[in-house]
Amino acid sequence: MTPSNNLFASIDMGTNSFKMLIIQTDKTGKFLTIDRHKDPVCLGRDFSSSISKESLFRAVTCLKRFNQVLKANKISPQQTICVATATVREASNAFDFKRSILESIGFEVSVLSGEEEARFVYLGVLQFLPVFDKRVLVIDIGGGSTEFVIGERGNVVFGVSLKLGHVGLTQKFGKDWNLMEMREFVKLIIKESELVEKVKDSGGFEVVVGTSGTIRAIERAVFNGYGKECVEGNEVLLRDCKREWKFSRGELSGVVERVCREGEEERVKRDGFFKRRSEFIVAGSVLLEEIFEAVGIEEMEVSEYALGEGVIAETLSKVFEGYDLKANARWHSAVRLATRFSGKKGIKSAAQCSSIAKEIFEGLRKWGEVAGNQINVFLDVKDLECLEAACLLHNIGLITGKKGYHRQSYHIITNGNHLQGYSAEEVKLIALLTRHHRKRFPKFDGGSLQEFAEELKQKFRVLCAIIRLSVVLQQSDGLNFQDMEFLHSQEGFKLIFREAGAIASFPLPEDMGKELRNELEHFKILSLGSRLVAGQTIGATLTKYSSLDLQREAGNATVSMEVEKIQLQHGLKMHLENDKRVSSLFQTRGGILHKRVWGKLYSDSESFRNMGVCFQVCRRMPCSGGSFDG
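Offset between the sequence shown (1-based) and the working numbering: plus 171.
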């Protein structure tokens with residue numbers, strides 16, 4: 172199978188919820204979950220021996236929504252893996268359930284055995300934590316079962332699945348929450364399974380890693396002080412930045428004691444913190460505490476990646492020859508830090524920024540080859556790795572609010588030993604790129620860059636210009652970041668994006684002109700000591716649509732739209748033609764970029780003009796006669 176793009180998807184049909192992951196990767200081993208979708212289907216609710224018609228209906232409805240997302244991202248069926256776990260594994264009508272999904276949606280469902288599920292969880296952990304060379308006990312608490320696996324250097328040494336899950340325990344003991352009976356039941360199942368003896372016979376373990384939503388929720392409860400604000404000021408933030416993904420037996424016991432408290436006030440507090448997981452957190456946390464006690468665990472590391480990512484990793488090992496599970500430890504450390512402080516939306520934006528930056532970086536190098544020009548600064552693979560890490564981390568400071576978040580991103584990176592495998596100089600470079608990805612373009616004759624050697628200052632100028640432009644571009648919902656193209660010539664190069672959706676009209680903000688002029692002022696005073704490209708300085712031109720008349724079919728009506736052109740010339744003069752927009756048609760989210768975004772884009776592109784690079788950013792849109800560039 173040859174992948175059509177660098178996106179893969181996995182669908183995990185669990186007992187409690189269905190989860191779909193969209194993952195961005197490449198053959199080098201870089202691995203990032205850029206989007207997550209979750210639906211509380213509750214397939215195991217009221218489960219006896221078969222899946223009910225009501226549960227089947229909820230499952231099909233959820234998978235249809237997932238399929239729409241896959242089509243929107245152009246992820247092919249060959250790059251989508253759908254697996255089912257405990258409930259489907261134990262259902263007497265599993266064959267009929269699989270057939271119904273295949274006929275109604277077209278998904279081939281693989282029902283995993285307990286041992287297979289455990290192995291995939293271990294592979295997922297290897298994509299998140301640097302534990303490849305260690306003997307690891309991985310524990311994954313699901314709704315219908317709990318998986319235990321011991322792995323080392325990518326190989327599974329021991330694996331077992333116990334029929335102990337937070338949904339099943341809640342259904343069995345949740346009416347009056349007889350905690351003593353539930354604890355005795357868990358102890359009995361663990362004893363009968365001979366889990367402890369089997370773990371010892373397999374050679375034991377060095378590290379314990381927990382996965383699954385229940386364990387991650389417990390870790391967040393420990394990290395946040397169970398219900399307190401994540402940060403109460405910069406001092407608290409900087410202290411918490413140094414915390415790793417782990418918790419001790421004592422910290423777990425503290426969370427268990429709190430979630431098991433009775434009373435309406437405690438229930439409200441529990442519901443507010445754990446939200447939809449609140450119904451099952453009592454059973455899940457008590458179960459984990461009993462596992463700690465039985466196996467003798469004192470501390471548990473936590474992986475954000477688990478089954479879904481493991482399924483993808485297995486697929487990649489078949490798609491890309493020589494795919495290395497151990498590769499890119501540096502990248503994984505950046506992923507862990509980004510995941511700690513960024514939510515789903517932030518990670519997706521950062522991943523898009525990283526993709527754009529990589530295209531611009533490689534485009535600059537290719538353009539130099541095509542044009543026959545020599546680049547004064549040699550940019551290597553490690554420079555690209557630093558740029559991609561900075562893009563991934565540029566928005567982590569948003570955890571404290573939007574105001575000054577770029578400075579907070581810098582402080583988080585520099586106040587903690589997060590980025591493993593990077594030199595101290597590289598960490599400083601990454602931090603400064605996040606610090607200067609917005610607001611004023613930095614000065615290079617002192618300040619934070621003073622300790623850098625001249626060659627590194629030159630590299631920083633180039634990388635900073637790239638990250639600033641990439642951040643602005645990714646703010647648009649109307650561009651398809653998975654379909655970018657570079658065109659090279661003697662004069663420069665074009666970065667072309669395909670449309671992500673139909674064309675839309677947009678409002679004209681009253682302060683657009685003022686904001687655009689302010690952004691341009693930042694670059695009018697910019698002066699770079701030496702140029703990136705030897706040769707004459709070429710005025711930068713960025714054309715939005717080149718004043719084309721766009722013919723679109725809307726039902727039986729043909730609509731003509733004249734779009735704007737903004738040109739940035741040698742004297743930084745701006746020409747804006749009035750656009751005639753059709754407000755009643757094409758009211759979709761994707762579409763023409765907001766003018767504020769274009770204003771920032773024009774100003775950021777001027778940093779390339781001062782380096783002697785002609786750089787055009789275009790949008791390519793389908794039309795009845797093929798396509799055109801704008």
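The beta-carbon is built from N, C-alpha and C at its ideal position, and this holds for glycine as well. Computed from a predicted model, the values in this text were never measured in an experiment.
Extent of the continuous beta strand (DSSP E) to which residue i belongs
{"i": "His-208", "result": "202–210"}
{"i": "Asp-311", "result": "307–312"}
{"i": "Gln-195", "result": "189–196"}
{"i": "Thr-186", "result": "Run containing Thr-186: none; DSSP gives neither H nor E here."}
{"i": "Ser-419", "result": "417–419"}
{"i": "Gly-381", "result": "378–382"}
{"i": "Val-370", "result": "Element bounds for Val-370: not the beta strand (DSSP E) but the alpha helix (DSSP H), 366–372."}
Which of helix, strand or coil DSSP assigns to residue i
{"i": "Gly-425", "result": "helix"}
{"i": "Cys-253", "result": "strand"}
{"i": "Asp-267", "result": "helix"}
{"i": "Thr-199", "result": "coil"}
{"i": "Leu-178", "result": "strand"}
{"i": "Phe-319", "result": "strand"}
{"i": "Leu-458", "result": "helix"}
{"i": "Ser-332", "result": "strand"}
{"i": "Lys-751", "result": "A caution first: Lys-751 carries a pLDDT of 35, below 50, which makes its placement in the model too unreliable to give a value."}
{"i": "Ser-594", "result": "coil"}
{"i": "Ser-281", "result": "strand"}
{"i": "Val-393", "result": "helix"}
{"i": "Val-473", "result": "strand"}
{"i": "Val-327", "result": "strand"}
{"i": "Phe-532", "result": "helix"}
{"i": "Ala-133", "result": "Here the chain has residues from 172 to 801 only, and residue 133 is not among them."}
Short Cβ contact (8 Å threshold) for residue i with residue j
{"i": "Val-466", "j": "Val-367", "result": "yes"}
{"i": "Val-240", "j": "His-208", "result": "yes"}
{"i": "Val-427", "j": "Val-457", "result": "yes"}
{"i": "Ser-504", "j": "Gln-579", "result": "no"}
{"i": "Glu-390", "j": "Phe-418", "result": "yes"}
{"i": "Lys-307", "j": "Val-292", "result": "What sits at residue 307 in the sequence shown is Val, not Lys. For Val-307 and Val-292, no; Cβs fall outside 8 Å."}
{"i": "Ile-567", "j": "Ser-513", "result": "yes"}
{"i": "Ser-219", "j": "Val-254", "result": "no"}
{"i": "Val-482", "j": "Ser-275", "result": "no"}
{"i": "Gly-330", "j": "Leu-496", "result": "no"}
{"i": "Asn-177", "j": "Thr-199", "result": "no"}
{"i": "Ile-272", "j": "Phe-266", "result": "no"}
Unbroken alpha helix (DSSP H) run spanning residue i, endpoints
{"i": "Ala-477", "result": "Counting along the chain, Ala-477 falls outside any alpha helix (DSSP H), and DSSP gives it neither H nor E."}
{"i": "Ala-805", "result": "No answer is possible for residue 805: it lies beyond the span of the chain, which begins at 172 and ends at 801."}
{"i": "Asp-442", "result": "435–445"}
{"i": "Thr-510", "result": "500–512"}
{"i": "Glu-286", "result": "285–297"}
{"i": "Val-231", "result": "224–243"}
{"i": "Arg-578", "result": "576–585"}
{"i": "Cys-557", "result": "552–564"}
{"i": "Gly-339", "result": "337–344"}
Rounded straight-line distance, which links the Cα of residue j to that of residue i
{"i": "Phe-444", "j": "Ile-570", "result": "17 Å"}
{"i": "Gly-336", "j": "Leu-359", "result": "14 Å"}
{"i": "Gly-534", "j": "Trp-502", "result": "22 Å"}
{"i": "Ile-452", "j": "Arg-216", "result": "16 Å"}
{"i": "Val-231", "j": "Lys-245", "result": "21 Å"}
{"i": "Val-598", "j": "Leu-620", "result": "13 Å"}
{"i": "Asp-210", "j": "Ile-193", "result": "15 Å"}
{"i": "Leu-644", "j": "Ile-531", "result": "12 Å"}
{"i": "Lys-371", "j": "Met-184", "result": "32 Å"}
{"i": "Ala-805", "j": "Asn-187", "result": "The requested residue 805 is not part of the displayed model; the chain covers only 172 to 801."}
{"i": "Asn-264", "j": "Ser-221", "result": "6 Å"}
{"i": "Ser-226", "j": "Lys-529", "result": "44 Å"}
{"i": "Leu-555", "j": "Lys-369", "result": "46 Å"}
{"i": "Arg-354", "j": "Gln-523", "result": "46 Å"}
{"i": "Ser-474", "j": "Gly-322", "result": "15 Å"}
{"i": "Arg-120", "j": "Val-212", "result": "For residue 120 there is no data in the structure shown, the boundaries of the chain being 172 and 801."}
{"i": "Ile-205", "j": "Ala-509", "result": "11 Å"}
{"i": "Val-439", "j": "Phe-623", "result": "53 Å"}
{"i": "Gln-629", "j": "Ser-449", "result": "52 Å"}
Neighbour flag for residue i against chain C, beta carbons, 8 Å
{"i": "Phe-179", "result": "Reference to chain C is not applicable here, since this structure consists of a single protein chain."}
Presumed contact (8 Å Cβ cut-off) between residue i and residue j, rounded CB distance
{"i": "Ala-141", "j": "Leu-340", "result": "Residue 141 cannot be examined here, being either before or after the span of the chain that is shown, 172 to 801."}
{"i": "Ala-521", "j": "His-565", "result": "7 Å"}
{"i": "Glu-318", "j": "Gly-285", "result": "6 Å"}
{"i": "Leu-478", "j": "Glu-288", "result": "6 Å"}
{"i": "Lys-305", "j": "Glu-377", "result": "5 Å"}
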